[in-house]
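Quick note: the sequence shown uses UniProt numbering, first residue 1, plus one each step.
Take a look at the structure set out below.
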Amino acid sequence: MFGKIHKLFGLRHTAEATDVPKGARGSTAARFFANKRGTVAIEFALIALPFFLLVFAIIEVSLSFTAQQVMANTTDDIARQLRTGEIKTLNLAQLKQKVCAGLLMPAANCPDLFVDLRTYTTFALVPKTIPLKATGDVDSTGFTSAPGGAGTINQLRVFYRWPIFTDLMKPRIANIDGTGKILLFSTATWKNEPYL
Numbered sequence: 001m002f003g004k005i006h007k008l009f010g011l012r013h014t015a016e017a018t019d020v021p022k023g024a025r026g027s028t029a030a031r032f033f034a035n036k037r038g039t040v041a042i043e044f045a046l047i048a049l050p051f052f053l054l055v056f057a058i059i060e061v062s063l064s065f066t067a068q069q070v071m072a073n074t075t076d077d078i079a080r081q082l083r084t085g086e087i088k089t090l091n092l093a094q095l096k097q098k099v100c101a102g103l104l105m106p107a108a109n110c111p112d113l114f115v116d117l118r119t120y121t122t123f124a125l126v127p128k129t130i131p132l133k134a135t136g137d138v139d140s141t142g143f144t145s146a147p148g149g150a151g152t153i154n155q156l157r158v159f160y161r162w163p164i165f166t167d168l169m170k171p172r173i174a175n176i177d178g179t180g181k182i183l184l185f186s187t188a189t190w191k192n193e194p195y196l
């Protein structure tokens with residue numbers, strides 16, 4: 001029966017380690033090096049760790065990139081609502097809740113979310129730097145929600161401490177010291193429309 005299967009699929013019998021004759025050429029060492037069984041398992045064991053590190057790194061970077069994009073879209077949506085006068089007043093808790101509702105976050109109520117909404121008299125006064133502590137974390141001191149009225153210049157800044165899910169990736173990807181998290185950031189600066 002096996003002969004028919006071999007002929008059907010064009011398989012040929014190859015010599016294995018047990019087929020090597022004993023003698024000068026068939027010593028134990030020769031039979032050991034001629035044996036090819038288990039080679040795939042050994043080769044996989046050699047490349048498994050780098051392979052899985054690469055796979056998990058791709059997954060982690062993809063998740064954080066997706067979170068960054070969703071956060072940027074949410075920031076733009078809220079900025080548009082403020083710019084058109086659809087939203088005129090928001091306290092800090094309401095603003096944070098509104099941003100949190102638009103995000104895909106791993107924890108309820110977004111405990112690692114920080115928002116800052118301010119009004120400026122000119123675009124030159126709008127800050128161009130991120131307020132960071134020495135650890136790389138956001139310095140949320142003085143964050144507020146003060147949307148301006150019609151025709152005012154506003155800036156909305158949104159920060160989120162995104163967790164790294166794979167322990168092997170934490171020391172290599174995290175940018176906030178000792179937390180195993182990445183600081184994601186999104187901002188929108190605009191001039192309100194002359195709404196009523």
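In this text, a Cβ means the ideal position worked out from N, Cα and C, and glycines have one as well.
- Note on geometry: alpha-carbon atoms of F114 and F159 lie some 5 Å from one another.
- When the Cα atoms are used, Y120 and N192 turn out to be separated by approximately 11 Å.
- Excluding sequence positions up to five before and after F56, its CB lies within less than 7 Å of the CB of T166, L168, M169, all in the same chain and listed in chain order.
- For D76, the three-state secondary structure derived from DSSP is helix.
- For F114, the pairing in a beta bridge is given by DSSP as F159.
- Annotated as proximal: S64 and W162, with beta-carbon spacing under 9 Å.
- Counting along the chain, I130 sits inside no beta strand (DSSP E), nor does DSSP assign it H or E at all.
- Segment contact: the stretch 130-144 against the stretch 181-190, three or more CB-CB distances shorter than 8 Å; contact assigned.
- Sequence-distant partners of T152 (beyond 5 residues in either direction) whose C-beta falls short of 6 Å from its own C-beta, in its chain, are T119, N192.
- The C-alpha of K36 lies about 16 Å from the C-alpha of A45.
- Going by C-alpha positions, Q68 is about 10 Å away from T75.
- The residues P147, in chain order, have a CB closer than 6 Å to that of L82 in the same chain once the five nearest residues on each side in sequence are set aside.
- Looking from the CA of D177, the closest CA among A150, L132, G142 belongs to L132.
- Apart from the 5 residues on each side of it in sequence, L103 sits with its Cβ closer than 8 Å to the Cβ of A67, V70, M71, T74, C110, L113, Y160 in its chain, given in chain order.
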